[in-house]
Amino acid sequence: MLSNELTKRLGIQHPIQCGTMQWLSKAELVGAVADAGALACIASAINPDPEALREEIDKTRAITRRPFGVNVSLFPSLSASDIGKLISTVAQCGVGILETAGRSPEPYRDQIKEAGLFHIHKCARIRDAIKAQSLGVDAISVVGMECGGHPGEAGLGSMVLIPKVVKSVECPVIGGGGFCDGRSLAAGLALGAQCINMGTRFILTKECPGHPDLKQFYLDSQAADTMLVMGSLKNTGRVLRTPWSEEVARLENQGAGLEELAPYISGQLARQGWADGGKDKGLYYAGQVVERCQDLPSVDQLISRTVAEAQEVINGLAGA
Ligand SMILES: Cc1cc2nc3c(=O)[nH]c(=O)nc-3n(C[C@H](O)[C@H](O)[C@H](O)COP(=O)(O)O)c2cc1C
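Numbering (our numbering), first residue to last: 830 to 1149.
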């Protein structure tokens, strides 16, 4: 058993989080991960209306009786009152775990604390982690620049970022960016993280609701097939290289601003692609670790083999 203070407080068995993924972190994936004893959060950005969130929570509860969380994005695409309502819904539905990401959680800390939620804040910079800790969050999740999704603007890889954050804060740390198996789980624990966050790896599971053609595209991709876009908007994203993402980079190099880029970077395009398998339009987030994800196990198989391999690696290092 690789349990620790954080797994105990979260009520999970294994120190693994399925990174929250827009369009994918829905009931079927979140429920399967929770049922296998790890942590996952519903991406509320998929359904930013409290009633739809309530339904997704109910659907997840129909799959598992184990704990799971909800991710609320603090990017300014929602108004402050919408964010406040989503947080209230999480609490009213009795979901005990809230993950925030995207901006400082300061405006919502009092509400989250009063609601008694276990608050994980996700960020990519050391100074944001220190700030979140000063606001009293319960755990900090950090991602290195190799991650899929938004690696932040500091450009630090997981090997540098995770131990630095562990040393800089007192609360438990979840480390992400580049994790996919037991060997990397053991490495994350050795770096001082109490849990690892794997996103890209969970796309390639049976229960992930992405279209099989897109999963095959990920299976066929290497680390060098990922690229960074949206740095000019200070919202860097690591995505798979496609003619569409190359076009976004070209427009950025030409000095295009948000207005010109908006139709190219809208998340709604990827929503369609994840549903119908087309990748001609939209941005498809992926970490460098895509190179190491070469099969399509069930969530339960992935989690159990990851934990078993990590235990074997740790025992091997200890000479047991
Ligand atoms: C397809 C995809 C979509 C993502 N969407 C979100 C999101 O909506 N919110 C969020 O906080 N992180 C998002 N992320 C980041 C993941 O939660 C996680 O932090 C990251 O994937 C970890 O790095 P890895 O890909 O190297 O495992 C996304 C990542 C991927 C691959």
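The beta carbon of each residue, even a glycine, is placed where N, CA and C say it ideally should be.
{"Item": "Cβ neighbour criterion (16 or more within 10 Å) applied to residue 855", "Value": "buried"}
{"Item": "Same chain only: Cβ atoms within 6 Å of residue 777, ignoring 5 sequence neighbours per side", "Value": "With the chain covering 830 to 1149 only, the question about residue 777 has no answer from this structure."}
{"Item": "Distance CB(residue 927)-CB(residue 950) smaller than 7 Å", "Value": "no"}
{"Item": "Proximity to residue 917 [Cα-Cα], best of 904, 893, 942 and 895", "Value": "942"}
{"Item": "Per-residue DSSP class, three states only, for residue 841", "Value": "coil"}
{"Item": "Same chain, Cβ closer than 6 Å to residue 903, five either side skipped, listed in chain order", "Value": "929, 931 and 932"}
{"Item": "Selection from 1114, 1062, 1098 and 1103 that minimises the alpha carbon distance to residue 1089", "Value": "1062"}
{"Item": "Proximity test, residue 1007 beta-carbon vs ligand 2 heavy atom, cut-off 6 Å", "Value": "As for ligand 2, it is missing from this structure, which binds only ligand 1."}
{"Item": "Residue 966 - DSSP class collapsed to helix/strand/coil", "Value": "coil"}
{"Item": "Alpha-carbon to alpha-carbon, residue 905 and residue 1112", "Value": "19 Å"}
{"Item": "Nearest residue (CA-CA) to residue 996, options 1032, 1074, 1019 and 1128", "Value": "1019"}
{"Item": "Bridge-paired residues (DSSP) for residue 1031", "Value": "According to DSSP, which records beta bridges pairwise, residue 1031 is partnered with nothing at all."}
{"Item": "Helix, strand or coil at residue 876 according to DSSP, with G and I counted as helix", "Value": "coil"}
{"Item": "Which listed residue (832, 849 and 838) has its alpha carbon closest to that of residue 1032", "Value": "849"}
{"Item": "Opening and closing residue of the alpha helix (DSSP H) in which residue 951 lies", "Value": "Here residue 951 belongs to no alpha helix (DSSP H); instead the beta strand (DSSP E) covers 947-952."}
{"Item": "Distance CB(residue 971)-CB(residue 990) smaller than 7 Å", "Value": "yes"}
{"Item": "Any non-hydrogen atom of ligand 1 within 6 Å of residue 851 CB", "Value": "yes"}
{"Item": "Helix, strand or coil at residue 1142 [DSSP, three-state]", "Value": "helix"}
{"Item": "Distance CB(residue 1135)-CB(residue 1014) smaller than 7 Å", "Value": "yes"}
{"Item": "Ligand 1 heavy atom lying under 6 Å from the CB of residue 1024", "Value": "no"}
{"Item": "Distance, residue 891 Cα to residue 1129 Cα", "Value": "17 Å"}
{"Item": "Beta-carbon proximity check, residue 1119 vs residue 1029, cutoff 7 Å", "Value": "yes"}
{"Item": "Start-end ranges of the alpha helix (DSSP H) lying completely within the segment 1057-1145, minimum 4 residues", "Value": "1072-1082, 1087-1094 and 1096-1105"}
{"Item": "As assigned by DSSP and simplified to three states, the class of residue 856", "Value": "helix"}
{"Item": "Segment contact, 8 Å Cβ cut-off, at least three pairs: the segment 1052-1072 with the segment 875-886", "Value": "no"}
{"Item": "As assigned by DSSP and simplified to three states, the class of residue 1050", "Value": "coil"}
{"Item": "Those residues which DSSP pairs with residue 959 across a bridge", "Value": "DSSP, once it has assigned bridges, lists no residue as partnering residue 959."}
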